[in-house]
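In the numbering used here, each residue carries its 1-based index in the sequence shown increased by 1. Each remark here refers to the structure printed beneath this line.
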Amino acid sequence: MKSREEHFVFEGENTQNLVFPLGGVGSGGLAITGNGRLVDWSLRGRPNLQSANGISHFALKVEKDGEVIDARVLNGPYEGHAAGSERSRRFFDGYGFGANRNSLAGMPHFSATRFTGRFPTAEIEFFHEGFPADVKLTAFSPFIPHNERDSGMPVALFEVEVRNTTDTALDYMFSSVVGNLGRENGCHSSYKKDGRSFLNLNGFEDATQSDGITLAMASEQAECMEHLFRGQWFDDLGVYWQEFSKPGPLPTRRYDTPRKNQHMFGQPDHGAMSQRFRLRPGESRKLRVAISWYFPENKIYWTYDDDPYHPVPEEDCPSFKYFYANEWTSAAEVADEALARWDTLFEQTCAFRDAMIGSDVPVEIIDASISTLALLRTQTVIRLEDGSFWAWEGQHSDAGSCEGSCTHVWNYQQALPFVFPTLERSLRETEFRYNFQENGGLTFRQRLPHGCALDIHGPCVDGHFGAIIKTYREWKLCGDNDWLLNLWPSVERAMNFAWSPDNPDRWDPNRSGVLTGRQHHTLDMELFGPNSWLSSFYVAALFAASEMAEALGHAESAATYGEIAKKGAARIDEELFNGNHYVQGTDLGDKFQVEQFSDAGRAGVISDGIIETYWSEEYQQLKYQLGEAWHADQILGLWHAELVGLPRFLDTEKSGAALVAIYDNNFHATLYDHVNPNRVYAYEDEGGLNVATWPKPSTKPIVPVPYSEEIWTGHEYAVASHLILRDKEKEALDLVRAARNRHDGRRRSPWNEMECGSYYARSMSAFGAYSAWIGLKVDLPNDELRINKPKKHTHVFWATGTGCGTIENSGDAVRVNVTQGVLPATTLTLAEGRDPNARTESISLPGNMTAGDTYYERLPEAHGS
């Protein structure tokens, strides 16, 4: 069995598909592979996955007595396909042309690596028999919870450590080569400042512009080759390697005009920076390198087209600006600050990493919780100029996948409100401002530029009511009644839309507490009639609205919402629980269910009419429904409620049985016999949890709800965390382990969980499993922080909407540390279990503790000892 430290170490075939993202939150980024290659250069406003940015790389040369004895690229074995890369490029690349040239597989490199990936940092050790040094590379970008500014720096930082393993002094030269992404003609310049060296890669189209990339080193001894040789065939790499592998420094080269010849493969101009140093036997040296970027304004290339696969002409596209343009004026300024503040940024990044990994929580849950945070460093997310957060669902290789901070997908993620709560609160602020239709419904995709238009899709039930539940969550996390008061009119309007006569989908016109109309949802179609899944969202939102109304002094509204919520909860238990699990209470042979909405507009994501879409004349049955399914999300609204501290509104025994039924019937230890005609995210010897299964073949609709046979990590983590809340730890760990075992670096990257594209947001439901395990509850309007009372010595990371830190329990005493932000709570409640009614004891905190503060108190039972 692996130790906790070994869990994050990858070697051999388990480095084959490792891709570790680097970059700023909402600022774009690049990535480093398990064998040290720099890939996925997504710096210019859209994804650019599987890209190499020319021949960008690090390399190391060794000399003895003026002769080169070894020279290698800092890469391990080639990860790609020997017959050719899967992503086709112009000329001499793609299937049939062998290993990808830009991977530098054809250059001398190391024969093995050991990759330690503990997000937010990575370490790679390079091995090659006879190489006269130990070499280790550490890579990170600042990732500091509750510090959105530093965590948004558009920079990737690398520290290379070289130790002489021979018995004689040797001379080494480290070189870094970076391409001028997207520019065949680069205007490059170099300079030194305050003990640091800089190489700026800009464009000739405007030599004064700030857009570009900066390569910088924390040393004035670094030497710059402002341009690599401008070749036409393979000359750029061939000439560079000849120059690099000779004794002595790289030559200086600078081109002051655009190139006169065209590169046959469209390679960018490159620049290089190197540093030479001597090491005595056993001596080591560390070199620090920054790669920063500054492309602050980008096109909204998807705005006027329904399909992101087909970009529209650039002249028709409005633009947006990144938030980072408010903080820095150039890539060089970013690199300068990052190098100057390296120690602080690294220390604070590692403090979060170590607090999470050191928590007394099963390592699989920690792994899932922190590894899925990596998508925040990618082009899945954008921080706009006004500071607000905006996101895709995931990424295609060269475009975003499903625009607009999609509310039904981003419902699942449970990380952002704790690690970067300002960004999460901005989602509530923008969706209640820009997503409203005239009738009070919330569209579920947010168009850019903000305020330009509403999305063509109407409201979806889970996203609409999720916005209300999450408003409650953010209020509880931050304790800011003024913030809630500002949003309340919109929250109330959204809540009342459920029974509004202007709601064309007639969700609950009789205020029964159960939805009976047409209901769009995250499976991209419509359900008809009562079902526990979407009605549980409705009831959770009603309970949340009732409590918020009460806090704001709206007693009548609070009573109305509370009464409907209680009726709805009782009806779900009484009418939709079949003795084993919760179901959709709709007669699938009743055509009227769709006929009554024949004039209600577009049906889901399909452009055909609603009757043609949802009724099978051949089988006389409704299509795309759940029926009696064991659906992974059948009580998802209750999951949300329990995580945010709302009442456990469904019967404990029935809801507990339903969760066990999901595990018993939807989880497969292996998938050799599993039938899946849809997208395949798990297969063969892998395990996973189905979206939906049916008690008997005869009960499965002939055309079931889309994706039902698929396996999504976002579902697995959500169900796992709900099982944890019911003390079903073994079953929960089975689900989490299955998901993480599929992302072991052999077939898939541990930091890229896919669904509708790469780096998919639903996967961040994993953080809910961490919160559930430690029993984290935050109620800052009442100045309270609550966790499970540990049975032994415990260390956990905690976070609220105002700050974060650690809690250490020795059994005799409790120590509360604040590492970022503020902890205004005056009470720390220690619960003996996860049940809402578990016995508790309280510790008085001083309130308004700030970063660096520690509070220590002996536990009551220890006072007499």
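Glycine included, C-beta positions come from ideal geometry on N, C-alpha and C.
query = Below 8 Å, can you find three or more Cβ-Cβ pairs linking the region 495–507 to the region 807–825?
reply = no
request  = Tell me where the beta strand (DSSP E) around Thr796 begins and ends.
outcome  = For the purposes of this step, residue 796 is taken as the residue at position 795 of the sequence shown. Looking at the sequence shown, residue 796 is not Thr but His. Its beta strand (DSSP E) spans residues Thr795 to Ala800.
message = Give me the DSSP bridge partner(s) of Cys453.
response = Against the sequence shown, residue 453 aligns to sequence position 452. Cys453 is not bridged to any residue.
key: Minimum Cβ-Cβ distance from Glu785 to chain B less than 8 Å   = Structure shown: chain B not included; a single protein chain is present.
query = With 16 as the cutoff for other CB atoms within 10 Å, does Pro363 come out buried or exposed?
reply = Residue mapping note: residue 363 aligns to position 362 of the sequence shown, counting from 1. The residue is buried, with at least 16 neighbouring Cβ atoms inside 10 Å.
task = Sort Val515, Trp393, Arg747 and Cys407 by Cα distance to Thr16 and report the nearest one.
result = By 1-based counting over the sequence shown, the position of residue 16 is 15. Of the candidates Val515, Trp393, Arg747 and Cys407, the one whose C-alpha sits nearest the C-alpha of Thr16 is Arg747.
inquiry  = By the three-class DSSP mapping on this structure, what secondary structure does Cys403 have?
reply    = Along the sequence shown, one-based indexing puts residue 403 at 402. Looking at Cys403 - three-state DSSP - the assignment turns out to be coil, as it is neither helix nor strand.
request  = State whether the region 770–790 contacts the region 48–55, with contact taken as three or more CB pairs (one from each stretch) at a distance under 8 Å.
outcome  = no
task = Return the chain-ordered list of same chain residues with a C-beta closer than 7 Å to the C-beta of Thr714, the five sequence neighbours on each side being excluded.
result = Position 713 of the sequence shown, counting from 1, holds the residue named residue 714. Around Thr714: Ala740, Glu754 and Ser764.
query = Between the beta-carbon of Glu756 and the beta-carbon of Gly395, is there less than 8 Å?
reply = Here residue 756 is taken as the residue at index 755 of the sequence shown, counted from 1. Here residue 395 is taken as the residue at index 394 of the sequence shown, counted from 1. Yes, the pair counts as a contact, with Cβ atoms nearer than the cut-off.
request  = Counting only runs of 3+ residues fully inside the region 487–552, write out the beta strand (DSSP E) ranges in chain order.
outcome  = 519–521 and 527–529
request  = Tell whether a beta-carbon distance below 8 Å holds between Arg277 and Met154.
outcome  = Looking up residue 277 in the sequence shown gives position 276. Looking up residue 154 in the sequence shown gives position 153. Not a contact, by the Cβ cut-off of 8 Å.
message = Does Glu334 come out as helix, strand or coil in the three-state DSSP assignment?
response = Counting from 1 along the sequence shown, the entry for residue 334 is found at position 333. Correct three-state label for Glu334: helix.
ask   = In whole angstroms, what is the alpha-carbon distance linking Asp41 and Thr801?
value = Translated into positions along the sequence shown, residue 41 becomes position 40. Translated into positions along the sequence shown, residue 801 becomes position 800. Roughly 33 Å between the two C-alpha positions.
task = Look at the alpha carbon of His675 and the alpha carbon of Glu629, and state the distance between them as a whole number of angstroms.
result = As a working note, residue 675 is residue 674 in the sequence shown. As a working note, residue 629 is residue 628 in the sequence shown. Their backbone Cα atoms lie some 19 Å apart in a straight line.
Beta-carbon gap between Arg255 and His228 smaller than 8 Å = Looking up residue 255 in the sequence shown gives position 254. Looking up residue 228 in the sequence shown gives position 227. Going by C-beta atoms, Arg255 is nearer than 8 Å to His228.
query = If we count Cβ pairs, one from each stretch, closer than 8 Å, do we get three or more for the region 720–737 versus the region 691–705?
reply = no
query = When the Cα of Ser389 is compared with those of Phe538, Gly638, Asn327 and Asp399, which residue comes out closest?
reply = The count along the sequence shown starts at 1 and reaches residue 389 at position 388. Considering only alpha carbons, the answer is Asn327.
ask   = Anyone know if the C-beta pair for Gln380 and Arg47 falls short of 8 Å?
value = The residue you call residue 380 lines up with position 379 of the sequence shown. The residue you call residue 47 lines up with position 46 of the sequence shown. Contact flag set, yes.
query = Along the chain, which unbroken stretches of the alpha helix (DSSP H) at least 4 residues long are found entirely within the region 355–421?
reply = 364–372, 408–411 and 417–420
key: Cβ distance (whole Å) where Arg829 is taken to contact Leu846 below 8 Å   = Taking the first residue of the sequence shown as position 1, residue 829 is located at position 828. Taking the first residue of the sequence shown as position 1, residue 846 is located at position 845. The sequence shown places Leu at residue 829, rather than the Arg named in the question. Going by Cβ atoms, the distance from Leu829 to Leu846 rounds to 6 Å, so yes, they are a contact pair.
8 Å CB neighbourhood of Gly99 in its chain, flanking five on each side removed = Within the sequence shown, numbered from 1, the residue matching residue 99 stands at position 98. Excluding residues within five positions, the ones whose Cβ falls inside 8 Å are Ala83, Ala84 and Gly85.
task = Examine the Cβ distances between the region 649–665 and the region 414–431 and report whether three or more of them are shorter than 8 Å.
result = no
query = Measuring CB to CB, does Leu158 end up less than 8 Å from Ala291?
reply = Residue 158 sits at position 157 when you count from the first residue of the sequence shown. Residue 291 sits at position 290 when you count from the first residue of the sequence shown. Going by C-beta atoms, Leu158 is nearer than 8 Å to Ala291.
query = Nearest to Trp508 by alpha carbon, out of Ile712, Leu488, Phe9 and Gly530?
reply = Here the question's residue 508 lines up with position 507 in the sequence shown. The shortest C-alpha separation from Trp508 is found at Gly530.
task = Have a look at the DSSP bridge pairing and note the partners of Ala1.
result = Nothing about residue 1 can be read from this structure; the chain reaches only from 2 to 866.
query = Is Thr714 helix, strand or coil by DSSP?
reply = Indexing the sequence shown from 1 puts residue 714 at position 713. DSSP places Thr714 in helix when its eight states are reduced to three.
key: As assigned by DSSP and simplified to three states, the class of Lys247   = In the sequence shown, counting from the first residue as 1, residue 247 sits at position 246. Coil.
request  = Tell me whether the beta-carbon of Ile844 lies closer than 8 Å to the beta-carbon of Glu833.
outcome  = Here the question's residue 844 lines up with position 843 in the sequence shown. Here the question's residue 833 lines up with position 832 in the sequence shown. Not a contact, by the Cβ cut-off of 8 Å.
C-beta contact flag for Trp616 and Leu623 at 8 Å = As a first step, residue 616 is located in the sequence shown; it is residue number 615 there, counting from the start. As a first step, residue 623 is located in the sequence shown; it is residue number 622 there, counting from the start. In contact: Trp616 and Leu623 (Cβ atoms closer than 8 Å).
query = Do Pro250 and Ser220 have their C-beta atoms closer together than 8 Å?
reply = For the purposes of this step, residue 250 is identified with residue 249 of the sequence shown, where counting begins at 1. For the purposes of this step, residue 220 is identified with residue 219 of the sequence shown, where counting begins at 1. In this structure, Ser220 does not lie closer than 8 Å to Pro250 by Cβ.
ask   = Where does His669 fall in DSSP's three states?
value = Taking the first residue of the sequence shown as 1, we reach residue 669 at position 668. Of the three classes helix, strand and coil, the one that applies to His669 here is strand, per DSSP.
Helix, strand or coil at Asn789 [DSSP, three-state] = For this step, residue 789 is matched to residue 788 along the sequence shown. In this structure, Asn789 counts as strand in the three-state DSSP scheme.
task = Leaving out five residues on either side along the sequence, give the residues of the same chain with a beta carbon under 6 Å from the beta carbon of Ala662.
result = Taking the sequence shown and counting its residues from 1, the one referred to as residue 662 is at position 661. Asn581, His582 and Trp631.
request  = Evaluate the contact criterion for the region 184–198 versus the region 74–83: three or more CB pairs, one atom per stretch, below 8 Å.
outcome  = no
query = Which residues in the same chain as Cys225 place their Cβ atom closer than 6 Å to its Cβ, once the five residues preceding and following it in sequence are excluded?
reply = Working through the sequence shown from its first residue, we reach residue 225 at position 224. Excluding positions up to five away in sequence, the list reads Ser191, Leu200 and Met274.
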